[in-house]
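Below: one structure, written as structure tokens.
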Amino acid sequence: MDDPRESLLRDPPKPQYQSVGKALREEEKRYIRTLKNKKMFLAAFSRCAGKLTFGYALVYPSPVYISEISHAGVRGGLGACPQIMAVCGSLVLYALGLVLPWRWLAMVGEIPVITMLFLLCFMPYSPRFLISQGKDEEALRALEWLRGSDTDFHSEYDRIKNTIMRKSSSLSLAELRDAYYYKPILIAIFMRFLQQLSGISPILIYLETIFNRSKVILKGGSDAALVGVVRLISVIISAAVMDKAGRKILLLVSSALMFASSLSMGLYVHFTIERNDNSTNLTTTTISPDTEPINYIQIIPLICIMVYIVGYAFGWGPITWLLMSEILPLKSRGMASGLCVLMSWITGFVLTELFIPVVRRPSSFSWWLFVCAFLFTLFFVPETKGRTLEQIEVLLRTGRRSFIR
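Positions 194 to 598 (my numbering) are the ones given, in order, by the sequence shown.
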């Protein structure tokens with residue numbers, strides 16, 4: 194019997210069989226492309242669904258819930274806890290990403306979600322929410338659980354009850370013309386706008402690119418780890434002193450630090466980078482030995498970025514979310530919180546998309562944004578330290594200008 198391989202050499206495949214083989218290869222390629230498209234679709238769907246549930250279940254209600262269940266004396270520190278946990282989670286994922294493949298990394302991310310779902314089963318509803326729903330007995334039990342049976346939680350219940358009874362109806366469009374409602378809403382929205390306009394989202398996304406353009410040479414992944422550690426320490430310090438120093442002074446210090454870092458970074462880029470290469474491309478930066486600054490100058494961008502991160506984490510990072518939940522009147526808190534979150538993420542998205550062309554001229558206009566944030570805080574943001582939510586509403590109703598006293 195002839196060897197099939199020899200017969201194949203003697204009688205090559207007929208043209209019709211060759212076309213069939215080609216068609217099979219094309220079909221195989223289409224199948225692979227379809228499989229890849231399905232995987233991309235699943236990845237995109239998972240990403241969108243995760244962000245949707247994250248925003249709906251955590252970003253939107255968490256600050257409001259924490260502010261409503263917290264005592265006035267510790268509300269600042271507790272309000273900063275979401276930022277602390279977010280930074281801790283980022284650092285843990287950075288570390289695990291060095292040893293785990295991305296599929297296992299995604300599964301590890303489910304552990305805190307499952308833990309949170311389990312622990313939430315034991316958490317009470319907000320007493321203010323329960324009173325607004327007419328569940329007075331349940332609200333009393335929630336306050337007793339939150340404050341302890343040996344505290345005077347009945348007087349706090351009476352204050353909340355009296356405030357809610359005066360605002361039992363839902364907010365109407367006509368009432369939005371009242372300064373009592375629209376002023377705190379505008380303050381909260383502008384704070385979220387300025388917080389995102391500070392550039393934290395694109396700076397964290399393009400951190401490695403910024404360091405490359407500024408000719409700071411760090412090992413792979415060390416920039417993210419260093420920034421994460423600095424953010425964590427700064428947020429912890431902010432949470433520790435927030436209820437003593439006050440929200441407003443921390444916001445002013447935060448604005449000043451970010452202004453100084455932005456101006457210094459702009460001057461560095463202008464005098465050391467742009468003069469050497471006016472046509473530097475941010476995405477394809479190459480470091481030429483004959484234009485590289487001397488070593489001690491290379492540390493300036495790193496210092497500027499670290500000062501910026503400290504400034505952001507010290508004030509505008511955690512405090513804006515906390516103040517949003519503190520200054521919004523109870524009657525408009527749900528609707529206004531949604532508007533603030535919407536403004537925050539729209540601004541973050543637009544700024545991230547426009548970051549590449551904007552960052553080419555950082556010395557020209559970025560620093561004045563922090564001047565605006567400083568002045569806005571000085572003249573319009575109220576100090577809420579040590580006040581209950583009901584006392585904050587009374588403070589805003591008086592219409593007094595909130596300078597530092």
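Backbone N, C-alpha and C define an ideal beta-carbon position, used for all residues, glycine too.
Rounded to the nearest angstrom, the Cβ distance from residue 506 to residue 454 is 12 Å, too far for a contact under 8 Å. Within 10 angstroms of the beta-carbon of residue 384 lie 16 or more other beta-carbons, which makes it buried. No Cβ-Cβ contact shorter than 9 Å links residue 583 with residue 440. Judged by beta-carbon spacing, residue 570 lies beyond the 9 Å limit of residue 390, meaning their Cβ atoms are not closer than that value. Three or more Cβ pairs closer than 8 Å define a contact, and the stretch 418 to 431 meets that threshold against the stretch 280 to 287. Per DSSP, the unbroken alpha helix (DSSP H) holding residue 530 starts and ends at 526 to 546. Beta-carbon to beta-carbon, residue 259 and residue 339 are separated by about 11 Å, too far to satisfy the 8 Å threshold. Under the rule that a run must span 4 or more residues, the alpha helix (DSSP H) segments found entirely inside the stretch 365 to 392 read 372 to 390. Considering only 327, 320, 328 and 356, the residue with the shortest C-alpha distance to residue 346 is 320.
When C-beta atoms of the stretch 289 to 306 are compared with those of the stretch 518 to 535, fewer than three pairs fall below 8 Å, so the two segments do not count as touching. In the structure shown, residue 569 falls within a helical segment according to DSSP collapsed to helix, strand and coil.
For residue 514, the enclosing alpha helix (DSSP H) has its first and last residue at 511 to 520. Here residue 520 is buried. Its C-beta has 16 or more other C-beta atoms within 10 Å. Judged by pairs of C-beta atoms under 8 Å, the stretch 312 to 326 touches the stretch 341 to 358, as three or more such pairs exist. About 5 Å separates the beta carbon of residue 581 from that of residue 265, a gap short enough to meet the 8 Å contact definition. DSSP, reduced to helix, strand and coil, places residue 344 outside both helices and strands of the structure shown, so it counts as coil. Across the structure, residue 565 and residue 511 are spaced so that their CA atoms are roughly 19 Å apart. Between residue 257 and residue 447 the beta-carbon gap is near 22 Å, outside 8 Å, which marks them as no contact.
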